[in-house]
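**Student:** The structure is given below, and queries will be raised subsequently.
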Amino acid sequence: MIRDITLGQYYQADSVIHRLDPRTKITGTFFFIVTLFLAKNVWGYVIAAAFLVMSIKLCKVPFKYMVRGMKAIVILMLMTVVFNLFMTKGEVIFSFWKLSISKEGLENAVKMAIRLTFLILGSSIMTLTTTPNSLTDGLEKLLGPLKKVKVPVHEIAMMMSIALRFIPILIEETDKIMKAQMARGADFDSGNLVKRAKALVPLLVPLIISAFRRAGDLAMAMEARCYRGDSGRTRMKPLKYEKRDYIAYIVIILTLVLCIVFGRNAWWMA
Amino acid sequence: MSIIFNHVYHSYDADTQLKTDALSDISFKIEDGEFVGLIGHTGSGKSTLVQHMNGLMKPTEGEVYFDGKDISDKDYPIKELRSNVGLVFQYPEHQLFEATVFEDVCFGPLNQGLEKKEAELRAFTALRQVGLEETTYYQSPFDLSGGQKRRAAIAGVLAMRPKVLVLDEPTAGLDPKGRDEILSLVKKLHDEEKITIVLVSHSMDDVANYVDRILVMNKSRLVYDGTPKEVFKHAEELEQMGLAIPQVTYAMHALKKAGFDVPTDVTTIDEAVDRIIKCIS
Amino acid sequence: MSLIKTDNLTFEYIRRDDEGNVEGITRAVDDVNLDIERGQFIAILGHNGSGKSTLAKHLNAILYPTEGTVWIDGMKTSDEANTWNIRQTAGMVFQNPDNQIIGQVVEEDVGFGPENLGVPTKEILERVEESLKTVGMWEYRKHSPNKLSGGQKQRVSIAGVIAMHPKCIVMDEPTAMLDPSGRYEVIRAARALNDVEKMTIILITHYMEEVIYADKVFVMDSGRVVMHGSPRDIFSQVDALRELRLDVPQVTLLAHELKKKGLDIPDGILTIDELVNALKRSR
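Line order of the protein sequences matches chains A, B and C.
Numbering follows this note's numbering, in which position 100 of the first sequence is assigned residue number 100; successive positions increment by one, without gaps.
Numbering follows this note's numbering, in which position 34 of the second sequence is assigned residue number 34; successive positions increment by one, without gaps.
Numbering follows this note's numbering, in which position 152 of the third sequence is assigned residue number 152; successive positions increment by one, without gaps.
Structure below.
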């Protein structure tokens, strides 16, 4: 029932992008987003688009698969576009009833649509090519310096990784509980808001109790396997930058610089 | 009352290349008052099958009829179907949620739209039927033992007064005595309350002692449908499906091979004892 | 020196009601004395609530005795300085396969234990390979545990323990949530570990068919060890086992019933072959 959530889930393939260090991909995605917001003219977008197309080609994930993952966000995108289209004031080019579309509004809407599409595509390349585990590893390492100011970086990363492992299990369990209650005549889809909220109690109570039991079991299993936090821990797959990572960094920075140079409101646009 | 499956298919992602059949061309009929065992290993499609019996799932092709009416019809009263065909899932933890066992058992009847008085009456009757001690009625369901939870979950469905009771692995995780207790409870419900029973299990030993008829699922198809004796004749095929026949049946096969003149279609210990004694004396 | 030794092990816990008032004291494990040698395959039987799981948790220093002592490989579990060494020496496999796998990829989960022990990277990789091969799950190393069957998940859990190079493995009802083919997979893996690697195994279960190959069986009831001996000794006592909410394999029961009818069959028949031979002799 609710199992069809496939937003940017890891897609196994053997590509350069898959093999990149997760830190490179996280930093790269961050820089790409910055690039998108620095782009002020057509050239900025062309540069960003070129970078994006190159990454998509390199990562060997079918483009169709990527687009399918985006379906969930289409509504959010449409809303943003419509909002921009109608709410921006300026030179009116079209109007009916109380609504009017301005030239600036149209421009903003197009820009916003492009930006959002690029942003989602760009970050989904990261999530599609990186296992959640190495993603958390990468974050832990990148945020490592924060340990000095007593931020529990390792614990946060461990929590994230455990949460990611248990999400599919809990989704499946929700499904089963829902069915068990529906077999007893529970109705989850009709009635007003209050009634619906009440109907969730028979679903949430077993789910929460089960989640707590799982948490207890898991903590015990981790202790039984000698887990005692970060101290004295080694890594099975330590993160190490390779030549390809340095090349990737150069490409990323080059894109950013190009975008700053050519993507600003240049002399011929002013 | 009867349940009829007519060439039922259930496929996921039907319109894509990922199409997988969870059920494929299933046809059978369950009559009033039968005691049926449904067997298959994990992933054979047996869970999908039972969910078609009370309309939690609907066929993507073919029809399921309850009492002569197609449950996929637009105006079919699906809520009524769920009262008529009670489904108890494997883990009681998935359905128990109220503060007391008694309130939890009332949940079903209240959903049926019954008056509080009537619902409580039914809950009491159901709790007595499953043999829970009265001291447990006002305890939290989470404080019960595994076997007691199982009973409470069965009572929660029985209180809706179903005509058919479908139990999905009711003995999983119970110790031998607990397992026997639950199975004899189910038998009692069948014999005394005249409820039609569908017992889903992956344990042949459990099923052989109780049911009149066995349906065997494998790879989303219904492969055998017959009495225990008929089904257990296919020892080798069943083994290949990852389903073992009862150990007594194996023993009889081995005795026959060793030159004893015993029948091989024996499925219970009492019968085996009789036959061996007869053969030896 | 024995690998596991318990001396008058007793464990009590205090039950409280909702307001936190003491309702009573439960003695979950009562005066248990075990002495387990290296390389043995030990089975602990008992119905639900007989105290067998509580006993198991003492062997891994998850619980500490209220009275008495537990030694694992000569280390006292009550001494906190020993905790991590004990947990490495006596690995533990639990009942629910989903609630003990930490990694999102099979091989990463198996590496979790060695990582915690501070094993160097190169050696972790070797240990992961060797452990996954031992349980026959090497080809699944890149899979997500969520996509595996119950029996496969439990084999991954066993591999995760083997990778820590323990001296014994305590399996706390590893098959209770599995279907027959999953149960068979796990028991086969456990027996192979014992036969080939000479690993000491302590298997806790209430499935009778799983214990017939054990070197020694302990039967527990209300926290006490009430019977112990070879599987044959134990299964000769069909009626006593029934009193303890347990049963015996069908073939043992069949032999028992035939004997009651006056046939000359020895007690404690464990396999079909034994029954056939006994009947041949009595003919």
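Glycine is no exception: its CB is placed at the ideal position from the N, C-alpha and C atoms.
How long is the line joining the alpha carbons of Asn146 (chain C) and Leu178 (chain C), rounded to whole angstroms?
**Tutor:** If you take the alpha carbons of Asn146 (chain C) and Leu178 (chain C), they lie about 15 Å apart.
**Student:** With a CB to CB cut of under 7 Å and the five nearest residues on each side skipped, what residues in its chain are close to Thr48 (chain B)?
**Tutor:** Answer for Thr48 (chain B): His10, Ala22, Leu23, Met57, listed in chain order.
**Student:** At which residue ranges does the stretch 146-171 of chain C contain complete alpha helix (DSSP H) runs of 4 or more residues, listed in the order of the chain?
**Tutor:** List check, alpha helix (DSSP H) in window: 150-162.
**Student:** When you check each C-beta in the stretch 128-148 of chain B against every C-beta of chain C, which residues fall closer than 9 Å?
**Tutor:** Per Cβ criterion, the list reads Ser145, Gly146, Gly147.
**Student:** Report the residues of the stretch 39-53 of chain C with a CB closer than 8 Å to any CB of chain A, ordered along the chain.
**Tutor:** Answer set for the stretch 39-53 of chain C: empty.
**Student:** For a test of the three-state rule: what should DSSP assign to Tyr13 (chain C), helix, strand or coil?
**Tutor:** It is a strand residue.
**Student:** Find the residues of chain B that neighbour Gly185 (chain A), judging by a C-beta separation of less than 9 Å, and give them in chain order.
**Tutor:** Neighbours of Gly185 (chain A) on chain B, chain order: Lys79, Arg82, Ser83, Phe107, Gly108, Pro109, Leu110, Asn111, Gln112, Gly113, Met160.
**Student:** When DSSP builds the beta bridges, which residues end up paired with Trp71 (chain C)?
**Tutor:** In the DSSP output, where bridge partners are listed per residue, Trp71 (chain C) has C:Lys5, C:Lys76.
**Student:** State the start and end residues of the unbroken beta strand (DSSP E) segment that holds Met220 (chain C).
**Tutor:** Run containing Met220 (chain C): 216-221, per the beta strand (DSSP E) assignment.
**Student:** Sort B:Asp205, B:Glu103, B:Gly178 by Cα distance to Gly46 (chain C) and report the nearest one.
**Tutor:** Of the listed residues, the one whose Cα sits closest to Gly46 (chain C) is B:Gly178.
**Student:** Taking 8 Å as the CB-CB limit, is Asn133 (chain A) close to chain C?
**Tutor:** Closer than 8 Å: yes.
**Student:** Measure from the C-beta of Ile276 (chain B) to each C-beta in chain C and report whether the shortest distance is under 8 Å.
**Tutor:** Yes - at least one Cβ of chain C is within 8 Å of the one on Ile276 (chain B).
**Student:** In this structure, how does DSSP classify Met57 (chain B) when only helix, strand and coil are distinguished?
**Tutor:** Of the three classes helix, strand and coil, the one that applies to Met57 (chain B) here is coil, per DSSP.
**Student:** What are the residues that DSSP puts in a beta bridge with Glu63 (chain B)?
**Tutor:** Glu63 (chain B) is bridged to B:Asn6.
**Student:** Beta-carbon within less than 8 Å of Ile284 (chain C)'s beta-carbon, same chain only, minus the 5 sequence neighbours each way: which residues are those?
**Tutor:** What is shown of chain C runs 1 to 283, which leaves residue 284 (chain C) out entirely.
**Student:** Would you say the beta carbon of Ala254 (chain B) is closer than 7 Å to some non-hydrogen atom of the ligand GTP?
**Tutor:** Ligands in the displayed structure: none, and consequently the ligand GTP is not present.
**Student:** So what's Thr200 (chain C) in DSSP terms, helix, strand or just coil?
**Tutor:** Strand.
**Student:** Closest by CA to Lys5 (chain C), which one among C:Ala163, C:Gly39, C:Leu34?
**Tutor:** Among C:Ala163, C:Gly39, C:Leu34, the Cα nearest to that of Lys5 (chain C) is on C:Leu34.
**Student:** Take the Cβ of Gln152 (chain C) as the centre, count every other Cβ of all protein chains shown within 10 Å, and call the residue buried at 16 or more, exposed below.
**Tutor:** Label assigned to Gln152 (chain C): buried.
**Student:** What residues in its chain sit with their C-beta under 8 Å from that of Lys19 (chain B), if we drop five residues either side in the sequence?
**Tutor:** If we look at Lys19 (chain B) and ignore the five residues flanking it on each side, its Cβ neighbours are Ser11, Tyr12, Asp13.
**Student:** Would you mind telling me which residues of chain B sit closer than 8 Å to Ile177 (chain A), beta carbon to beta carbon, in chain order?
**Tutor:** Residues of chain B passing the Cβ test: His94, Gln95.
**Student:** Who does Ser100 (chain A) pair with in a DSSP beta bridge?
**Tutor:** A:Ser95.
**Student:** Within 10 angstroms of the Cβ of Pro77 (chain B), are there 16 or more other Cβ atoms? Answer buried if so, exposed if not.
**Tutor:** So Pro77 (chain B) counts as exposed.
**Student:** Who are the Cβ neighbours of Gly118 (chain C) in its own chain at under 8 Å, not counting the five residues just before and after it?
**Tutor:** Answer for Gly118 (chain C): no residue qualifies.
**Student:** For the pair the stretch 127-138 of chain A and the stretch 101-109 of chain C, tell me if three or more CB-CB distances fall below 8 Å.
**Tutor:** Segments in contact, yes.
**Student:** Could you tell me which chain B residues have their CB closer than 9 Å to the CB of Ala13 (chain A), listed as they occur along the chain?
**Tutor:** Going along chain B, no residue has its Cβ under 9 Å from Ala13 (chain A), so there is no contact; the nearest lies around 17 Å.
**Student:** Are the C-beta atoms of Gln250 (chain C) and some chain B residue less than 8 Å apart?
**Tutor:** Taking Cβ atoms only, chain B reaches closer than 8 Å to Gln250 (chain C), which makes this a yes.
**Student:** State yes or no: is the beta carbon of Val50 (chain B) nearer than 8 Å to at least one beta carbon in chain C?
**Tutor:** Closer than 8 Å: no.
**Student:** Which of the three DSSP states, helix, strand or coil, is assigned to Lys60 (chain A)?
**Tutor:** Looking at Lys60 (chain A) - three-state DSSP - the assignment turns out to be coil, as it is neither helix nor strand.
**Student:** I'd like the list of long-range same chain contacts for Glu140 (chain A), defined as Cβ closer than 7 Å, with 5 residues on each side in sequence excluded.
**Tutor:** Hits under 7 Å: Val153, His154, Ala157.
**Student:** Alpha carbons only, please: which of A:Ile162, A:Ile114, A:Phe188 is nearest the one belonging to Thr174 (chain A)?
**Tutor:** Among A:Ile162, A:Ile114, A:Phe188, the Cα nearest to that of Thr174 (chain A) belongs to A:Phe188.
**Student:** Starting from the C-beta of Glu63 (chain B), find all residues in its chain whose C-beta is less than 6 Å away, skip the five residues before and the five after it, and write them out in chain order.
**Tutor:** Closer than 6 Å at the Cβ level, and outside the excluded window around Glu63 (chain B), lie Asn6, Asp70.
**Student:** Val164 (chain B) versus chain C: which residues are under 7 Å apart at the beta carbon?
**Tutor:** Those do not exist, as Val164 (chain B) stays about 24 Å from chain C at its closest Cβ, beyond 7 Å.
**Student:** In chain C, which residues lie less than 7 Å from Gly232 (chain A) when you measure between Cβ atoms?
**Tutor:** Under the 7 Å cutoff, chain C gives Gly118.
**Student:** Looking only at DSSP bridge pairs, what is Lys256 (chain B) linked to?
**Tutor:** Answer is none; Lys256 (chain B) lacks a bridge partner.
**Student:** For Pro114 (chain C), collect the residues of the same chain with a Cβ closer than 7 Å to its Cβ; drop the 5 residues on either side in sequence, then sort them by chain order.
**Tutor:** Excluding positions up to five away in sequence, the list reads Ile124, Arg127, Ala163, Met164.
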